[in-house]
Structure formats: C-alpha cells, structure tokens
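J.: Protein chains in written order, with UniProt numbering: chain A, 1 to 134; chain B, 1 to 134.
1. Can you tell me where the alpha helix (DSSP H) with residue 52(B) in it begins and where it stops?
2. So, is the C-beta of residue 50(A) closer than 8 Å to a C-beta in chain B?
3. Let's test the definition: count the other Cβ atoms within 10 Å of the Cβ of residue 4(A) and tell me whether it reaches 16, buried, or not, exposed.
4. Taking Cβ to Cβ, would you say residue 114(B) is nearer than 8 Å to residue 114(A)?
5. Taking DSSP as the reference, what is the three-state secondary structure of residue 112(B)?
6. For residue 37(B), which of helix, strand or coil comes out of DSSP?
7. Buried or exposed for residue 64(A), going by 16 or more other Cβ atoms inside 10 Å?
8. Decide if residue 67(A) is buried, meaning its Cβ has at least 16 other Cβ atoms within 10 Å, or exposed.
9. Using C-beta distances below 6 Å, list every residue in its chain close to residue 45(A), excluding the 5 sequence neighbours before and after it, in chain order.
10. At the level of alpha carbons, what is the spacing between residue 54(A) and residue 60(A)?
11. Using DSSP with H/G/I as helix, E/B as strand and the rest coil, what is residue 26(B)?
12. With C-beta atoms as the reference, is residue 103(A) less than 8 Å away from residue 127(B)?
13. Between the Cα of residue 70(B) and the Cα atoms of 86(A), 72(A), 70(A), which residue gives the shortest distance?
14. Going along chain A in order, which residues have a C-beta closer than 8 Å to the C-beta of residue 61(B)?
15. What does residue 92(B) reach in chain A if we use C-beta pairs closer than 8 Å?
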C-alpha cells in the first residue's frame, strides 16, 4: 500500500481497519472508504474471519465500482460466521432452501385445488345444462 | 500445532493443507481429517479466501464432532467466493430470497383463486337451490 503521508477523510482519523491493524491510514487505503472509524466492529469481524490481507487482496483484485458490494457481502459472511461458527451463512442458505421446498409443496397443493375446482365447475355445467340463475 | 513426529494416515503423505503450506503434517494436524492429500483444490480455495491460520483457529474453537460440518460450510463459502468474487455465497442467498418472493406471490394468487372458486360454488348453490343433477 502506498503511503502518501496524507490521511484519508477530513478528520485525520485512521479508518477502522488501520486502527485495528495499528498502522498509518494512507489516502490510498483500500479499506478506508468502506470501514469508517466509527464502525470498529464491522472490520473486527471481517479481520477475524477472513484476515485483513486476504480482504485487501480480494478488494484490490476488483474494479473500484464493485468493491462496495464486495465489502457488504464480506461483512455479511463474517457476521454470519461469528454468529454461527459451524454453518456461517451456509446455514441461511439451508434455511432458505427449506422454505422454498415448503412453499413449492404448498403451491402444488393450492394449484391442485384450483384444478379440482375448475373440473368440478366444468362437470356441474355438463350435468346441469338447463340450470339458470334464478 | 504439536509435532509428534508421526505422520497422519497410513500413507505417510502430508494432508493437502500441510502440503500447500510446506510443513510437516503431525498426527494431531487439525486439517488432516478434512483435507486429504488427493483433494488439493479443496484446501487451496479455503486458504485463498479465509487463510490457513484463521481456519485453524475456527476449527480449534469447535468441538471435534462439529468440525466436519464447519469444514463443509467453509469449503462451500470459499468456492462461492472464488466463483463470484463480488457476492460470494451471499449471491446465492439473494437468489434464493428472490425465489421465495416469487413463490409467495404465486402461492397468494393460487390461494386467492381457490377462495374465488369456493365463493362461486357457494353462490351457485344459493342461486340454484332446486337444481339437481340430470
């Protein structure tokens, strides 16, 4: 990381990442736009799960316009792993998959009921050809 | 990690993790049961995304009977991040959430249709009290 001697932002505070890593926060710091000093836990979990150098590399490998989304997903994954050290956000995937299975079963039942009603209606029209509303 | 001098497994081969990290694979190696030598890519992606020392710590912090599930979810997350460096497995969560929204909308429609048919049926019984099948 290039050290320009000029701190990021107007406050001269190092970003949450550089503060945790106890290093100078250069103007070119890859973390500074996404890990402000007033959100220290946001970076702490990311560092604990992925490691600062891995995240630095992941962000450097992406164009700037995609880094915000990448940080959001990395923070989400890190928080999920801290909450659930065994399954992390794969636990959420599993829960959502179960919800999909349940909804698909409910939908199949409801659609079968619609078909049943339509067939009953069609049958009643055939069986009562002269019936008219009173 | 304690080095016992005795290699893990019958083949004396280091596990995929120790091979990649170019270190001796002790009998007590925390990676060896989950990263066999014949699956080198499984650990390579995990190391690239999470870092070996973070994963080592995550596994050490878990009881042995939960480590297999933790490794599966970590491998899943790492592979997802390699495939999609911006969204990782959060992309899958987003896709599943959209599927759930679509299924809930379809289910609401089907259930409304069922209610509509039931009401029509009830109305026809009231309107045609003397109608009998021919």
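By construction, the Cβ of each residue, glycine as well, lies at the ideal position given by its N, Cα and C atoms.
T.: Working from what's here:
1. Start and end: 52-60.
2. Answer yes: the Cβ-Cβ gap between residue 50(A) and chain B drops below 8 Å somewhere.
3. Confidence is the limiting factor: at residue 4(A) the pLDDT is only 41, short of 50, which leaves the residue's position unreliable, though a coordinate-based value still follows. So residue 4(A) ends up on the exposed side.
4. Their beta carbons are under 8 Å apart, which means residue 114(B) touches residue 114(A) by this criterion.
5. In the structure shown, residue 112(B) sits in a helix (DSSP, three-state: H, G or I).
6. Correct three-state label for residue 37(B): coil.
7. Within 10 angstroms of the beta-carbon of residue 64(A) lie fewer than 16 other beta-carbons, which makes it exposed.
8. Residue 67(A) is buried by the Cβ-count criterion.
9. Same-chain partners within the cutoff: 78, 79, 82.
10. Whole-angstrom Cα-Cα distance: 10 Å.
11. Residue state, collapsed to three classes: strand.
12. Taking the C-beta atoms as reference points, residue 127(B) is found no nearer than 8 Å to residue 103(A).
13. Taking only the C-alpha atoms, the option nearest residue 70(B) is 86(A).
14. The contact set of residue 61(B) on chain A, defined by CB atoms closer than 8 Å, consists of 85 in chain order.
15. Within chain A, the residues near residue 92(B) are 93.
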